[in-house]
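All remarks here apply to the structure that follows.
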């Protein structure tokens, strides 16, 4: 398989599916321009193979499983879960080169992650922290959306939430999001944007949540703490608390959110191709944990919010394609997304092969 070169690093973990999507059946996906097929073995472990038969490049996802082996639907070549061909119906002797690539895979935080780069560098400790998605102290659910845009546009969108005022005005948006000051910081592989909005009327979504959970209907202190982890994960600590109840950090005190409702918007955006992506998201909450109906309502409600984003992002990608030479202009609100892009660029640059040094020959003196 040809190694693609584009605006995403390959030496990283990418979500390929929710764990419940992967069964004892063939699931095709495209990750970083590489077509793969996922399936769950009879022992429960997940296998990920290149989705192209060694023989004639027939997509293996169009074949079938027999136990833990994958049978090509064209000429019947059989592959084990490591990608090695174990049977060729047309001949007794196996060609030793008959294999397809297998990918490092891990399950964590309800996602199936794959590593499309150098297998020797696939350290499970590098999987992004999204523990709120399976922590018993939190409840929630999520979905996957296929968006027809460069994955970095989704990261931009999440790092700058001032768009909520204008795109999501009927749910999570209010004018304070666009007007409130914020603080942007960054590390080697992360960037954070923090915004507090004190003594405000809650937007419709958060007004309904604090009323449902606490019976409170007054003004609130609202927070948004956005954390990007390269190359494509954005977790957002969000919520509201009764105004003046001590939720706002001050003088080194982290704040007391006990009179509020807290959620985490978990996002990991997997590049599918240069201009499409698989957007995995979940909304987790720390209140009303046993209310399954609320979990369902929130999943569908947040899904509707992200559909609004999808319309914006796909329209933006279309405009970019129509004006490929146009340069983006940045406002102060773009600080978080600018840092995220720089961190992505560094990860991509790090994977480029080092340019060979050109030897310098000394100038030879002419003979006298």
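Numbering (my numbering), first residue to last: -4 to 363. We put the beta carbon where it would ideally sit given N, CA and C, even for glycine.
Rounded separation between residue i and residue j - CA only
i, j, result
"residue 139", "residue 225", "19 Å"
"residue 81", "residue 75", "7 Å"
"residue 228", "residue 347", "22 Å"
"residue 114", "residue 98", "7 Å"
"residue 120", "residue 213", "43 Å"
"residue 34", "residue 323", "41 Å"
"residue 246", "residue 218", "17 Å"
"residue 281", "residue 127", "9 Å"
"residue 164", "residue 130", "31 Å"
"residue 298", "residue 289", "14 Å"
"residue 90", "residue 271", "37 Å"
"residue 105", "residue 38", "18 Å"
"residue 44", "residue 64", "11 Å"
Three-state secondary structure assigned by DSSP to residue i
i, result
"residue 192", "strand"
"residue 211", "coil"
"residue 204", "helix"
"residue 310", "helix"
"residue 373", "Absent from the structure is residue 373, since the part of the chain shown begins at -4 and ends at 363."
"residue 128", "helix"
"residue 324", "coil"
"residue 99", "coil"
"residue 185", "strand"
"residue 263", "strand"
"residue 86", "coil"
"residue 135", "strand"
"residue 29", "strand"
"residue 21", "coil"
"residue 2", "coil"
"residue 453", "Past the edges of the chain, shown from -4 to 363, lies residue 453, and the structure says nothing about it."
"residue 140", "strand"
Beta-carbon spacing of residue i, residue j below 9 Å
i, j, result
"residue 277", "residue 260", "yes"
"residue 204", "residue 258", "yes"
"residue 181", "residue 326", "no"
"residue 266", "residue 28", "yes"
"residue 169", "residue 159", "yes"
"residue 147", "residue 279", "no"
"residue 328", "residue 155", "yes"
"residue 208", "residue 190", "no"
"residue 13", "residue 150", "no"
"residue 26", "residue 42", "no"
"residue 19", "residue 36", "yes"
"residue 331", "residue 220", "no"
"residue 196", "residue 312", "no"
"residue 294", "residue 137", "yes"
"residue 69", "residue 94", "no"
"residue 173", "residue 157", "yes"
Cutoff 6 Å; reference residue i; Cβ partners in own chain excluding five residues on either side
i, result
"residue 4", "226, 342, 343, 346"
"residue 7", "226"
"residue 254", "236, 237, 240"
"residue 111", "5, 26, 27, 29"
"residue 15", "none"
"residue 275", "10, 139, 263"
"residue 231", "221, 260"
Contacting residues, own chain, Cβ-Cβ under 7 Å from residue i (five flanking each side not counted)
i, result
"residue 46", "23, 30, 31, 32, 54, 55, 56"
"residue 66", "58, 59, 73"
"residue 211", "205, 237"
Close beta carbons around residue i, own chain, < 8 Å, minus the five adjacent residues each side
i, result
"residue 162", "168, 303, 304, 307"
"residue 252", "234, 236, 242"
"residue -2", "Here residue -2 scores only 37 on pLDDT, less than 50, and its place in the model is too uncertain to base an answer on."
"residue 269", "1, 2, 28, 145"
"residue 141", "267, 271, 272, 273, 274"
Any non-hydrogen atom of the ligand ZN closer than 8 Å to residue i Cβ
i, result
"residue 21", "Absence of the ligand ZN from the depicted structure is noted, as is the absence of any ligand whatsoever, leaving it without description."
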